[in-house]
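Notes for the one structure printed next.
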Amino acid sequence: MTEKMLNVGKIINTHGIRGEVKVLRISDFDDRFEVGGTLFLVKENEAPIELEITSHRIHKGFDLLQFKGIDNIGDVEHYKGAFLKITEGQLTDLEEDEYYYHEIIGCDVYMHSGEKIGVIKEILSPGANDVWVMKQEKGKDVLIPYIEEVVKQVDVAANKVIIDPMEGLLD
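Note that our numbering has the sequence shown beginning at 23, numbered continuously upward.
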């Protein structure tokens, strides 16, 4: 498979004896785990395995999934630590001013003046808005709230974000 694949979850454990897996979600989209949907199981140095979801439920903050043709713990035990991915063709169209995490992570961050100040290395989702973790050119990481007052322009094609930091943000 040559199409680029994107992480939507990581299998962290099995659940029960009937082949369910406990998944740490790496996606904001609930429809990624809908029954009938397709995911690709990817383990290091192995070919992706296409899986069809036959059951999905939330339990203690984790997604529990079961796949077609898998009905006992022995079939999924070796999946622990593997990533669940989708292809680029499975991406959902976004609204204006919405971005996928993979489009933002790695973007260079600039001030309005044109001075490069860092690179987005991670995105946190603590509540009302996302928070972008920026690795500064010099100094410690900075948390940038993804709000209109701070993030002025995002150009994913140019791999560039322009911010107008509020007082004290870069200290």
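Just so you know, even glycine gets a beta-carbon here, dropped at the ideal spot from N, CA and C. Note that the structure is predicted; figures quoted are calculated from it, not measured.
Straight-line gap, residue i to residue j (C-alpha atoms, nearest Å)
{"i": "D152", "j": "V141", "result": "16 Å"}
{"i": "I139", "j": "E99", "result": "45 Å"}
{"i": "E189", "j": "V172", "result": "10 Å"}
{"i": "Q158", "j": "I169", "result": "19 Å"}
{"i": "L191", "j": "S77", "result": "44 Å"}
{"i": "I80", "j": "I71", "result": "23 Å"}
{"i": "I39", "j": "M27", "result": "30 Å"}
{"i": "E25", "j": "E68", "result": "16 Å"}
{"i": "P187", "j": "I92", "result": "50 Å"}
{"i": "D130", "j": "N94", "result": "46 Å"}
{"i": "K143", "j": "F55", "result": "26 Å"}
{"i": "K182", "j": "T36", "result": "40 Å"}
{"i": "V178", "j": "E118", "result": "12 Å"}
{"i": "V45", "j": "Y132", "result": "36 Å"}
{"i": "P167", "j": "P148", "result": "10 Å"}
{"i": "M156", "j": "Y122", "result": "17 Å"}
{"i": "F51", "j": "G59", "result": "13 Å"}
{"i": "G111", "j": "E66", "result": "22 Å"}
{"i": "D53", "j": "R47", "result": "12 Å"}
Proximity below 9 Å, CB of residue i to CB of residue j
{"i": "L61", "j": "I108", "result": "yes"}
{"i": "I126", "j": "W154", "result": "yes"}
{"i": "V64", "j": "L106", "result": "yes"}
{"i": "I32", "j": "A104", "result": "Looking at the sequence shown, residue 32 is not Ile but Lys. Yes, they are a contact pair."}
{"i": "I34", "j": "K82", "result": "no"}
{"i": "G97", "j": "G136", "result": "A small fix is needed here, since residue 97 is Asp in this sequence, not Gly. Against a cut-off of 9 Å, the Cβ pair of G136 and D97 comes out as no contact."}
{"i": "V57", "j": "L86", "result": "no"}
{"i": "E146", "j": "L165", "result": "Looking at the sequence shown, residue 146 is not Glu but Leu. It is a contact, given that the beta carbons lie within the stated cut-off."}
Cβ distance (whole Å) where residue i is taken to contact residue j below 8 Å
{"i": "I75", "j": "F89", "result": "6 Å"}
{"i": "H236", "j": "K174", "result": "Since the first residue shown for the chain is 23 and the last is 193, residue 236 is missing from the structure and cannot be characterised."}
Among the options, the one whose alpha carbon lies nearest that of residue i
{"i": "S49", "options": "E42, E66, V30", "result": "V30"}
{"i": "E120", "options": "L87, Y132, Y101, V176", "result": "V176"}
{"i": "K162", "options": "D193, F51, E118", "result": "D193"}
{"i": "A180", "options": "P167, M156, G128, F51", "result": "G128"}
Inset, instruction - List in chain order: all unbroken beta strand (DSSP E) runs of 3+ residues lying wholly within the region 42-67. - result: 42-47, 60-64
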